[in-house]
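Colleague: Below you'll find the structure I mean.
Shown next as structure tokens:
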């Protein structure tokens, strides 16, 4: 047993706090926006130049001039502001964003993150991820724990790094793992997942901090 | 005989060209705006954040939110745009301004300019002058040639520099002097001024290029 | 000084040459100078280095310049949407300088602002920092990045006036103002050319000093890359 | 998260301490946060380092904090309008870090944007470059300047909403947006506090993320420093 993608995303939403400015990465992290409690005041930043990202539009209301960093059509909110890319990354690099929730391909026990390149195979580019991981106050990675038969939680990343020592917390389909001085520290298990299973699915030491 | 202040300023206005973006320094250079030919399309920049500076307001129309870099009340034109100080100096430092006309206390034959500090006496600060002299494509200095009994055209500046080798042309009450590889080069004499008088009023070599 | 042109072709006349560097605004297909891209394609100019956050998609945006073989090198942050790009790159037919999005934005801004270099934490300790100077500030490593200038910038705005003052609409702003300031010749295509004075002076995004030529595009395609909707009810 | 305060005193509550660094917007007396300056004076906080392009005039603007002896150091570009300032400085009672206006603007922007240092031609070869690193790019000397951050920023805007989104009026913008981004706590005083949504999202000068507290000033003095007029007719 493990968390479904939706459960992972719901768990990731618990990282949000009232008043937070948050950047959600492309893909699974974007889904976190569906789980923001209505009572909570969270402002989403999209690095293409928007603060206060609203929900997807209803059919017929989509606007080609209004997209998020994943190039998806979105809507505005009363609080929304638009700005150029330099200002957007001034926010990010300058430490003004409270939380980034990003996807990952590998996370190492020293907090290194790889999520932008598989040499010779995948060529997409770093996008805004490299700026987000060094600039945002807290970085949470949401990803499946295993890639085929291999754990994505490793001693040292073998894929090219996105950032060094930048990940604070990992949310996978198996549970929640923090990264501290000593490496991976298990904080929560998904329903039905055992410590043993979590250890097997981690290609590095795992301290238990449940 | 020599040029009056108004004649100096009128001569400085001949430096303008159609389509130019121009920054006029505080004081005498500001007066150049009175001499722009109506047929000429010149846009004035003020480093406090305005492109397209209009004339002084009529009485009763002055606006405390609309001033030039000399803190004088001004007006807007149809073409006007406002921006913050970083953008303003991006224009200046980035080489987007065609011409700056500035005041001076000393100009040296190597093009050095001093116009911001008399140690122990005057304390005003560099303002925007140090950015203007390095960033603007062409720098013209307008000033009296003599300060009391001393020439302001010198071999080397004794006052603290505003910028190194930055002045292209000097317009004084006695005439027009260019600065090139070889030092000062006399280009024009004011009405009634002799070469001899100009040489006496220059504390450095003066080539004659009339 | 007349900045107004009747078409992209006229606006780009004399401004194109082989092996030049062109900065192009836009994020994905949002706010791209589509008329200028078409005119560049039709001009046949080649060996281009193009600075653009993305590379369009197959068959639209900058993708068309990749397909026509006019581009030698891209300086971009993300090209995940373009399959043909990936083929060209992986087969060594296209040179790519991957630059993180924030670094790309800041390098363009620096180029336009007379800043030859700056330091950023971004890429420190990664492959993209290889060959670059690093330096420690406050105990953390930073990478020196160089300002980026182009020979020509092509940008797309919502409205513009005859002085070249521009405003952008919503997220179609993105890299456009940065590109506009980073080149000695900037060509702006606008959806609506308005009289000088029609734009509010306090809300101009790109002051006219950064724009040398401007034209009103006759029809904008403005394609949507990811049409993502929510259900009613 | 409520950012709205009823007064400058409430907005600055808990944000002031001796020997702190405060960045203050404004150019001359144009666009200065006059209510915050008064509240800082009344708080009695001392030993301040103030980052501001100018130092007000005798009796108004930052001049009042100089007169009350609360300022230890100014980081400014031009202080020619303030006689008392000159006295304090020449008698060694006030420390001054003269920073060219463009460098000051860029240092504040860098501080807010996570750029620890950048290079500029400005001051190269002058006394103000002494003790600073210089470096040659493209054959010309450049000076390394450090990003500038404050503990607190006080800014003045024309209109603001409850999220802290701000717009400025005409040349009263100047250093205000740069100061707002360069401090972890920014207090904005506005002439008019409007409902969220009343400002056009494409024309917001300072997005709310840069503003932590906001209040509507009850009356703005808005003095004119050089009332310069032209004659009718």
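Protein chains in written order, with the numbering used here: chain A, 22 to 231; chain B, 22 to 231; chain C, 2 to 234; chain D, 2 to 234.
Note that beta-carbon positions come from the ideal geometry of N, C-alpha and C, so glycine has one too.
1. On the criterion of 16 or more Cβ atoms from any shown chain inside 10 Å, does residue 119 (chain B) qualify as buried, or is it exposed?
2. Could you run through the stretch 80–108 of chain B and flag, in chain order, every residue whose CB is less than 9 Å away from some CB of chain G?
3. Residue 208 (chain D) and residue 72 (chain A): beta carbons closer than 8 Å?
4. Could you tell me which residues DSSP pairs with residue 85 (chain A) in its beta bridges?
5. In three-state terms, what does DSSP make of residue 199 (chain B)?
6. Does the beta-carbon of residue 104 (chain B) have 16 or more other beta-carbons within 10 angstroms, so that it is buried, or is it exposed?
7. Give the range of the alpha helix (DSSP H) segment to which residue 38 (chain C) is assigned.
8. Excluding the five sequence neighbours on either side, which residues of its own chain have a C-beta within less than 7 Å of the C-beta of residue 166 (chain A), listed in chain order?
9. Using a Cβ cut-off of 8 Å, pull out every chain D residue sitting near residue 68 (chain B), in sequence order please.
10. Return the residues of the stretch 154–185 of chain B that lie within a Cβ-Cβ distance of less than 9 Å from chain D, sorted by chain order.
11. Where does residue 96 (chain B) sit, in a helix, a strand or coil, going by DSSP?
12. In whole angstroms, what separates the C-alpha of residue 90 (chain A) from that of residue 147 (chain D)?
13. Does the stretch 98–116 of chain C come within contact of the stretch 102–119 of chain D, defined as at least 3 CB pairs closer than 8 Å?
14. Does any C-beta atom of chain D lie closer than 8 Å to the C-beta of residue 122 (chain C)?
15. Does any C-beta atom of chain D lie closer than 8 Å to the C-beta of residue 144 (chain B)?
16. Determine which residues of the stretch 25–58 of chain D have a Cβ less than 8 Å from any Cβ of chain B, and write them out in chain order.
17. Answer with yes or no whether the minimum CB distance from residue 5 (chain D) to chain A is below 8 Å.
18. Here's a check: name, in chain order, each residue in its chain whose Cβ is nearer than 7 Å to the Cβ of residue 119 (chain C), leaving out the five neighbours to either side.
19. Output yes if chain C places a C-beta closer than 8 Å to the C-beta of residue 129 (chain B); else output no.
20. Does the ligand SAM have even one heavy atom less than 7 Å from the beta-carbon of residue 76 (chain D)?
21. Skipping 5 residues on each side, what residues in its chain have a beta carbon closer than 6 Å to that of residue 9 (chain D)?
22. Just to confirm, is the Cβ distance from residue 50 (chain A) to residue 230 (chain C) under 8 Å?
23. What residues in its chain sit with their C-beta under 6 Å from that of residue 158 (chain C), if we drop five residues either side in the sequence?
24. Contact defined as beta carbons within less than 8 Å: I believe residue 32 (chain D) pairs with residue 177 (chain D). What is the distance between those atoms, to the nearest angstrom?
25. Residue 245 (chain D) to residue 53 (chain D), Cα distance in whole Å?
26. Which of the residues in the stretch 40–63 of chain B, read from start to end, lie with their CB under 7 Å from any CB of chain D?
27. Alpha carbons only, please: which of C:13, C:2 and C:144 is nearest the one belonging to residue 187 (chain C)?
28. Bridge partners of residue 44 (chain B), per DSSP?
29. If you draw a straight line from the C-alpha of residue 67 (chain D) to the C-alpha of residue 225 (chain D), how long is it?
30. From residue 218 (chain C) to residue 24 (chain C), what distance separates their C-alpha atoms?
31. For residue 237 (chain C), list the residues DSSP reports as bridge partners.
32. Give, in chain order, every unbroken run of the beta strand (DSSP E) that is at least 3 residues long and sits entirely within the stretch 196–224 of chain D.
33. Taking residue 31 (chain A) as the reference, which of A:197, A:93, A:182 and A:216 has the closest Cα?
34. Could you check the C-alpha separation between residue 38 (chain B) and residue 174 (chain C) for me, to the nearest Å?
35. Going along chain D in order, which residues have a C-beta closer than 8 Å to the C-beta of residue 72 (chain A)?
36. Buried or exposed, going by whether 16 or more other CB atoms sit within 10 Å of the CB of residue 151 (chain C)?
Modeller: Taking the geometry as given:
1. Against the second chain, residue 119 (chain B) aligns to sequence position 98. Under this definition residue 119 (chain B) is a buried residue.
2. Protein chains in the displayed structure are A, B, C and D, and chain G is not among them.
3. Here the question's residue 208 (chain D) lines up with position 207 in the fourth chain. Here the question's residue 72 (chain A) lines up with position 51 in the first chain. For residue 208 (chain D) and residue 72 (chain A), yes; Cβs fall inside 8 Å.
4. Sequence index remark: in the first chain, residue 85 (chain A) carries index 64 (1-based). Partner(s): none; residue 85 (chain A) has no beta bridge.
5. Counted from its first residue, the second chain places residue 199 (chain B) at position 178. In this structure, residue 199 (chain B) counts as strand in the three-state DSSP scheme.
6. Counting from 1 along the second chain, the entry for residue 104 (chain B) is found at position 83. That one is buried.
7. Counting from one through the third chain, the residue named residue 38 (chain C) turns up at place 37. That run of the alpha helix (DSSP H) goes 35–44.
8. As a first step, residue 166 (chain A) is located in the first chain; it is residue number 145 there, counting from the start. Hits under 7 Å: 172, 173, 174, 193, 194, 195 and 222.
9. On the second chain, position 47 is the one that residue 68 (chain B) refers to. Near residue 68 (chain B) (Cβ distances below 8 Å), the residues of chain D are 102 and 103.
10. 154, 155, 156, 181, 182, 183, 184 and 185
11. For the purposes of this step, residue 96 (chain B) is identified with residue 75 of the second chain, where counting begins at 1. Correct three-state label for residue 96 (chain B): coil.
12. Within the first chain, residue 90 (chain A) is the residue found at index 69, counting from 1. Within the fourth chain, residue 147 (chain D) is the residue found at index 146, counting from 1. Cα to Cα, the separation comes out at about 31 Å.
13. yes
14. In the third chain, the residue the question calls residue 122 (chain C) occupies position 121. Judged by the 8 Å Cβ criterion, residue 122 (chain C) is in contact with chain D.
15. Against the second chain, residue 144 (chain B) aligns to sequence position 123. Chain D contact via Cβ: present.
16. 28, 29, 30, 31, 32 and 54
17. Translated into positions along the fourth chain, residue 5 (chain D) becomes position 4. No - not a single Cβ of chain A is within 8 Å of the one on residue 5 (chain D).
18. What you label residue 119 (chain C) is simply residue 118 of the third chain in a count that begins at 1. Closer than 7 Å at the Cβ level, and outside the excluded window around residue 119 (chain C), lie 107, 111 and 146.
19. In the second chain, residue 129 (chain B) corresponds to position 108, counting from 1. False, the Cβ-Cβ gap to chain C never drops below 8 Å.
20. The ligand SAM is not among the ligands present in this structure, which contains no ligands whatsoever.
21. As a first step, residue 9 (chain D) must be located in the fourth chain, where it is residue number 8. The residues are 36, 37 and 40.
22. Here residue 50 (chain A) corresponds to residue number 29 of the first chain, with the count starting at 1. Here residue 230 (chain C) corresponds to residue number 229 of the third chain, with the count starting at 1. No, the Cβ-Cβ distance between residue 50 (chain A) and residue 230 (chain C) is not below 8 Å.
23. For this step, residue 158 (chain C) is matched to residue 157 along the third chain. Same-chain partners within the cutoff: 167, 169, 189 and 191.
24. Counting from 1 along the fourth chain, the entry for residue 32 (chain D) is found at position 31. Counting from 1 along the fourth chain, the entry for residue 177 (chain D) is found at position 176. At roughly 6 Å, the Cβ-Cβ gap stays under 8 Å, so residue 32 (chain D) and residue 177 (chain D) are in contact.
25. Summary: the structure shown does not reach residue 245 (chain D), with chain D confined to residues 2 through 234, and so no result is reported for it.
26. none
27. Taking the first residue of the third chain as 1, we reach residue 187 (chain C) at position 186. Comparing Cα-Cα distances from residue 187 (chain C) to each of C:13, C:2 and C:144, the minimum goes to C:13.
28. Within the second chain, numbered from 1, the residue matching residue 44 (chain B) stands at position 23. Residue 44 (chain B) pairs with B:66 and B:121.
29. To locate residue 67 (chain D), count along the fourth chain from 1; it is residue 66. To locate residue 225 (chain D), count along the fourth chain from 1; it is residue 224. Going from the Cα of residue 67 (chain D) to the Cα of residue 225 (chain D) covers about 20 Å.
30. Here residue 218 (chain C) refers to the residue found at position 217 of the third chain. Here residue 24 (chain C) refers to the residue found at position 23 of the third chain. So the alpha carbons of these two residues sit roughly 19 Å apart.
31. Only positions 2 to 234 of chain C appear in the structure, and residue 237 (chain C) is not among them; the question remains open.
32. 214–217
33. Here residue 31 (chain A) refers to the residue found at position 10 of the first chain. Nearest option by C-alpha distance: A:197.
34. In the second chain, counting from the first residue as 1, residue 38 (chain B) sits at position 17. In the third chain, counting from the first residue as 1, residue 174 (chain C) sits at position 173. Between residue 38 (chain B) and residue 174 (chain C), the C-alpha separation is close to 32 Å.
35. Here residue 72 (chain A) corresponds to residue number 51 of the first chain, with the count starting at 1. Those within 8 Å of residue 72 (chain A) in chain D are 208, 209 and 210.
36. As a position in the third chain, residue 151 (chain C) is number 150, starting the count at 1. Answer is buried; the Cβ neighbour count reaches 16.
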